[in-house]
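There are 4 protein chains.
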Amino acid sequence: MLDVETTLPRKEREFLRHRREILMAAEAVFSEKGYISATMEEIAQRAEFAVGTLYKFFDTKASLYAEVILMRMSELEEESNRALEEAVGPGERIRNCFRSRIDQFWKNPGFFRFFYHGPVGAISEANTGFLPEIRERYERYLDRLREVFAEGIRNGEFRPLGEGLMALSFEGLLQVYLERLSGQESPDRRQQEEDELLSIFLNGVSV
Amino acid sequence: MLDVETTLPRKEREFLRHRREILMAAEAVFSEKGYISATMEEIAQRAEFAVGTLYKFFDTKASLYAEVILMRMSELEEESNRALEEAVGPGERIRNCFRSRIDQFWKNPGFFRFFYHGPVGAISEANTGFLPEIRERYERYLDRLREVFAEGIRNGEFRPLGEGLMALSFEGLLQVYLERLSGQESPDRRQQEEDELLSIFLNGVSV
Amino acid sequence: MLDVETTLPRKEREFLRHRREILMAAEAVFSEKGYISATMEEIAQRAEFAVGTLYKFFDTKASLYAEVILMRMSELEEESNRALEEAVGPGERIRNCFRSRIDQFWKNPGFFRFFYHGPVGAISEANTGFLPEIRERYERYLDRLREVFAEGIRNGEFRPLGEGLMALSFEGLLQVYLERLSGQESPDRRQQEEDELLSIFLNGVSV
Amino acid sequence: MLDVETTLPRKEREFLRHRREILMAAEAVFSEKGYISATMEEIAQRAEFAVGTLYKFFDTKASLYAEVILMRMSELEEESNRALEEAVGPGERIRNCFRSRIDQFWKNPGFFRFFYHGPVGAISEANTGFLPEIRERYERYLDRLREVFAEGIRNGEFRPLGEGLMALSFEGLLQVYLERLSGQESPDRRQQEEDELLSIFLNGVSV
DNA sequence: AATGAATGAGCCTTCATTCAT
DNA sequence: AATGAATGAAGGCTCATTCAT
Numbered sequence: 191m192l193d194v195e196t197t198l199p200r201k202e203r204e205f206l207r208h209r210r211e212i213l214m215a216a217e218a219v220f221s222e223k224g225y226i227s228a229t230m231e232e233i234a235q236r237a238e239f240a241v242g243t244l245y246k247f248f249d250t251k252a253s254l255y256a257e258v259i260l261m262r263m264s265e266l267e268e269e270s271n272r273a274l275e276e277a278v279g280p281g282e283r284i285r286n287c288f289r290s291r292i293d294q295f296w297k298n299p300g301f302f303r304f305f306y307h308g309p310v311g312a313i314s315e316a317n318t319g320f321l322p323e324i325r326e327r328y329e330r331y332l333d334r335l336r337e338v339f340a341e342g343i344r345n346g347e348f349r350p351l352g353e354g355l356m357a358l359s360f361e362g363l364l365q366v367y368l369e370r371l372s373g374q375e376s377p378d379r380r381q382q383e384e385d386e387l388l389s390i391f392l393n394g395v396s397v
Numbered sequence: 191m192l193d194v195e196t197t198l199p200r201k202e203r204e205f206l207r208h209r210r211e212i213l214m215a216a217e218a219v220f221s222e223k224g225y226i227s228a229t230m231e232e233i234a235q236r237a238e239f240a241v242g243t244l245y246k247f248f249d250t251k252a253s254l255y256a257e258v259i260l261m262r263m264s265e266l267e268e269e270s271n272r273a274l275e276e277a278v279g280p281g282e283r284i285r286n287c288f289r290s291r292i293d294q295f296w297k298n299p300g301f302f303r304f305f306y307h308g309p310v311g312a313i314s315e316a317n318t319g320f321l322p323e324i325r326e327r328y329e330r331y332l333d334r335l336r337e338v339f340a341e342g343i344r345n346g347e348f349r350p351l352g353e354g355l356m357a358l359s360f361e362g363l364l365q366v367y368l369e370r371l372s373g374q375e376s377p378d379r380r381q382q383e384e385d386e387l388l389s390i391f392l393n394g395v396s397v
Numbered sequence: 191m192l193d194v195e196t197t198l199p200r201k202e203r204e205f206l207r208h209r210r211e212i213l214m215a216a217e218a219v220f221s222e223k224g225y226i227s228a229t230m231e232e233i234a235q236r237a238e239f240a241v242g243t244l245y246k247f248f249d250t251k252a253s254l255y256a257e258v259i260l261m262r263m264s265e266l267e268e269e270s271n272r273a274l275e276e277a278v279g280p281g282e283r284i285r286n287c288f289r290s291r292i293d294q295f296w297k298n299p300g301f302f303r304f305f306y307h308g309p310v311g312a313i314s315e316a317n318t319g320f321l322p323e324i325r326e327r328y329e330r331y332l333d334r335l336r337e338v339f340a341e342g343i344r345n346g347e348f349r350p351l352g353e354g355l356m357a358l359s360f361e362g363l364l365q366v367y368l369e370r371l372s373g374q375e376s377p378d379r380r381q382q383e384e385d386e387l388l389s390i391f392l393n394g395v396s397v
Numbered sequence: 191m192l193d194v195e196t197t198l199p200r201k202e203r204e205f206l207r208h209r210r211e212i213l214m215a216a217e218a219v220f221s222e223k224g225y226i227s228a229t230m231e232e233i234a235q236r237a238e239f240a241v242g243t244l245y246k247f248f249d250t251k252a253s254l255y256a257e258v259i260l261m262r263m264s265e266l267e268e269e270s271n272r273a274l275e276e277a278v279g280p281g282e283r284i285r286n287c288f289r290s291r292i293d294q295f296w297k298n299p300g301f302f303r304f305f306y307h308g309p310v311g312a313i314s315e316a317n318t319g320f321l322p323e324i325r326e327r328y329e330r331y332l333d334r335l336r337e338v339f340a341e342g343i344r345n346g347e348f349r350p351l352g353e354g355l356m357a358l359s360f361e362g363l364l365q366v367y368l369e370r371l372s373g374q375e376s377p378d379r380r381q382q383e384e385d386e387l388l389s390i391f392l393n394g395v396s397v
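Below, the structure written as structure tokens:
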């Protein structure tokens, strides 16, 4: 990252910086208002650019939205993978990943407000245009999780149930928990709750 | 319900019937298109009423939306409560409730498409106008769940962890599982998966 | 026409009247400003309706434009055909048609301002969506002209040249002449000029 | 032209060359897209200059458009005049001019696509800003034509009708014919048609 | 209650033009 | 003269809501 910032010509650095500024502004507005209620006008103001400028960076509102999500999903995938890799043994990996996911939430709680809810009518045809990429990325992450569960099943650490269901359950617990945190007036982190939740899950899947 | 239908004067019976027809049409359109993409025009057509008529029954699109959800949540609450009551012992109650929730999904899969996702930015301020009531109702249902878990903790059937977290986990598993079913092209019910999921959960919370 | 006006239910009569009012307003604005510079806003104002109302009658600005032209082309075709039918003998028919076309111009000079020029970029793909119908209609009219010329060639009244070229020439003279009239500050009709023009043409194609 | 290129200082020569490059690019884009759909952006790309540079040479899009037309009209005028001068006798001059005009079309068919159609509503007030010059130039060419016809009328070669109408007719036939060629998928030149058309015209105006 | 034509505010998007470098 | 990122006004279109019948 630092390399990029320093080696690229000034013009390109500025381009990337502006692009990033717009993405940040968009993320803020999307998470406050939701996809539909957010207006390009407001995003532009927040980013301190004119509306037209947004369109130099992103073709449509929808693609700007997709890019915001993709940007965060890349981070999520990256860090989750790191967490899975770093630990030794399936149980420890899952434990590590769980904590990493919660850490990530605390870095940017606003994002999860619309990550889990997707664009309006995520299922509707209207949006199939840009959702596939996001879903794909998510599935890739789930695949990685499944591998770890499969590994745990093989070595007898986890119960011989479907590794897909395990991954799904893992995500379900996280999703519901993070949603509740997002909804709190002044969210504060509670270590004990996290440990208990993880314990429920691991107890559930372990032999 | 039957009582209502038969004892009320014809005028009022018709009023209720029309109201219900509109709600059903709205549910269908909302679940197909999502909140934003759904138009009052289309709902009116589906209900075989004029647009103006919809406004005799519901003040705004948002309130119609809320009423659709509230209608289904009443059923959900009712049936879930029945399931919790019918069984004996905390574990059995949870098991029964889990199955009931899945039964309910299969009665009306479309509904869950937008129940979990809520309107655009269900959590956002923009929608706080009609969400409170829904959240309240949901909390009431969660409370009932928590009681059961608390009971199980007291009698040593469940582990001595937070009953709130247990309820949350229960919902998380269900939500993620039902979402996946909704997303399937031609959703089909798989008994074994359901049993495994329940087993993971109960294993997780049980001593 | 009268039948239509009197036998249709009031609602439908109003619908047609409003539709016609919008078409007239649109024609006026299109002929003053041209297709692109004309705005739906201004057309709406001129028609004394709200913008939204225009879209109840016409799907897009382009289709409104096409309908304006189609409406006038129907009249043009109808009256030209009448003129061709009424006279006896090819020469007389053409003579009659020529006069009819000029009469039609004087009934509505504004229309021809954009009829001959077509929408911006009439040739561009962007407009191929709605032009075909107009072009078809025009070709049908040209076909009728060609028949008359062919008839004249067969009976030795016209020279044995291509009837297509004759029809084209006929249209060329009219177009250029009407354009010049449109461009005049205060157009006034000059009988002698018309006769001379017709004479040039008939002399050109006659034996 | 060559003189200009060689005698002027390098700076000025470059200026003129760049100006010409922009004009050519503009002509290409205008003829492909039409005035409105053409964008300064695309013209700039085609000319391999930055948008801003275009504005160093031409104040507005409209004036660039006008200059493109003026450039071609100068050639048209020049060559038509040569054609009129070269031949001997009114009839022969017109014949020569007719052929010259068609030659010119084949040198640059694209240009005529928008020459005859003008910008959006060439006749409309919106565009009167830059049209006058074009119209003037065109009138000058028509004047020259009229002189030839007047000459022919005086010497008894042409019929004693208005020379203005004759010039108009001449233009009408050309316009319609060239338009039809422009519209063809793969335009090909047909000598016989041209001869017939010319014959119709000359027959029409000759004694 | 029922109708549905009419309303008009609001939003995404385009693109000619400017200006700091 | 050359650049091209930034501007922002303007326009087509949608749709929740109203109101006269």
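One line per chain: the protein sequences are H, G, Y and R, in this order.
Each step along the first sequence adds one to the number in our numbering, with nothing skipped, and position 11 is 201.
Each step along the second sequence adds one to the number in our numbering, with nothing skipped, and position 70 is 260.
Each step along the third sequence adds one to the number in our numbering, with nothing skipped, and position 47 is 237.
Each step along the fourth sequence adds one to the number in our numbering, with nothing skipped, and position 31 is 221.
A virtual CB, placed ideally from N, CA and C, is assigned to each residue, including glycine.
Please read all numbers here as calculations on a predicted model, not as lab measurements.
Query                                                                                                                     : Result
Within 8 Å, strictly: CB atoms of Ile324(Y) and Ala256(Y)                                                                 : yes
Sequence-distant residues of its chain with Cβ nearer than 6 Å to Gly319(H) (five each side left out)                     : The pLDDT assigned to Gly319(H) is 48, lower than 50, so where the model puts this residue is not dependable; a value taken from the coordinates is nonetheless given after this. Answer for Gly319(H): no residue qualifies.
Sufficient close CB pairs (3 or more, under 8 Å) joining the stretch 346-355 of chain Y to the stretch 382-396 of chain R : yes
Test item: CB-CB of Arg236(H) and Val258(H) under 8 Å                                                                     : no
Supposed contact pair Tyr225(R) and Phe304(R) - C-beta distance, whole angstroms, cut 8 Å                                 : 7 Å
Local Cβ density within 10 Å of Gln294(R), reported as buried at 16 or more and exposed below that                        : buried
Exposed unless 16 or more other CB atoms sit within 10 angstroms - verdict on Leu368(Y)                                   : buried
Proximal chain G residues relative to Glu361(H), where beta-carbon distance stays under 8 Å                               : Val366
Three-way DSSP call (helix, strand, coil) for Phe339(G) in this model                                                     : helix
Limits of the alpha helix (DSSP H) - the one that Thr250(G) falls within                                                  : Element bounds for Thr250(G): n/a, residue is neither H nor E.
Exposed unless 16 or more other CB atoms sit within 10 angstroms - verdict on Lys201(R)                                   : exposed
Minimum Cβ-Cβ distance from Arg370(G) to chain H less than 8 Å                                                            : yes
Nonlocal neighbours in the same chain, by C-beta distance under 7 Å from Ile292(H), ignoring five residues either side    : Glu384
When Leu371(G), Arg379(G), Ser264(G) and Leu358(G) are compared against Arg370(H), the one with the closest alpha-carbon  : Leu358(G)
Within-8 Å CB hit, Phe395(Y) to chain R                                                                                   : A quick correction: the sequence has Val, not Phe, at residue 395(Y). For Val395(Y), the answer is yes, since a Cβ of chain R falls inside 8 Å of its Cβ.
Ala228(H) vs Ala234(H) beta-carbon contact at 8 Å                                                                         : no
Buried or exposed by the 16-neighbour rule on C-beta atoms within 10 Å, applied to Arg330(R)                              : exposed
Where Glu386(R) meets chain Y, residues with beta-carbon distance less than 7 Å                                           : Leu351, Gly352 and Leu355
Inter-residue spacing [alpha-carbon to alpha-carbon] between Ser389(H) and Ile343(G)                                      : 15 Å
Inter-residue spacing [alpha-carbon to alpha-carbon] between Glu282(R) and Asp333(R)                                      : 18 Å
Proximal residues to Glu267(R) (C-beta, below 6 Å), its chain only, five neighbours per side dropped                      : Tyr331
Burial state of Leu213(H) (16 or more Cβ within 10 Å)                                                                     : buried
Alpha helix (DSSP H) runs contained entirely in the stretch 262-310 of chain H, provided each spans 4 or more residues    : 280-297 and 299-305
Closest by C-alpha distance to Glu347(R), when choosing among Val397(R), Leu364(R) and Gln365(R)                          : Val397(R)
Alpha carbon of Gly242(R) to alpha carbon of Ala216(R), nearest angstrom                                                  : 15 Å
Between the CA atoms of Phe339(Y) and Ser376(R) - distance to the nearest angstrom                                        : 27 Å
Residues near Arg285(Y) by beta carbon distance below 8 Å, same chain, minus five either side                             : Ala277, Leu388 and Leu392
Contacts of Leu358(Y) in chain R (Cβ-Cβ under 7 Å)                                                                        : Val366, Tyr367 and Arg370
Simplified DSSP assignment, three categories, for Phe348(G)                                                               : strand
Minimum C-alpha distance to Arg210(G) - residue among Phe247(G), Glu232(G) and Thr197(G)                                  : Phe247(G)
Where Ser227(H) falls: helix, strand or coil (DSSP)                                                                       : coil
Pick from Glu326(R), Pro280(R) and Trp296(R) that is closest to Gln374(R), judged by C-alpha positions                    : Trp296(R)
Distance, Asp249(G) Cα to Leu260(G) Cα                                                                                    : 15 Å
Spatially closest choice to Pro280(R) from Thr197(R), Leu335(R) and Glu232(R), by CA coordinates                          : Leu335(R)
Beta-carbon proximity list for Cys145(G), same chain, < 7 Å, skipping 5 on both sides                                     : Given a span of 191 to 397 for chain G in the structure shown, any question on residue 145(G) remains unanswerable.
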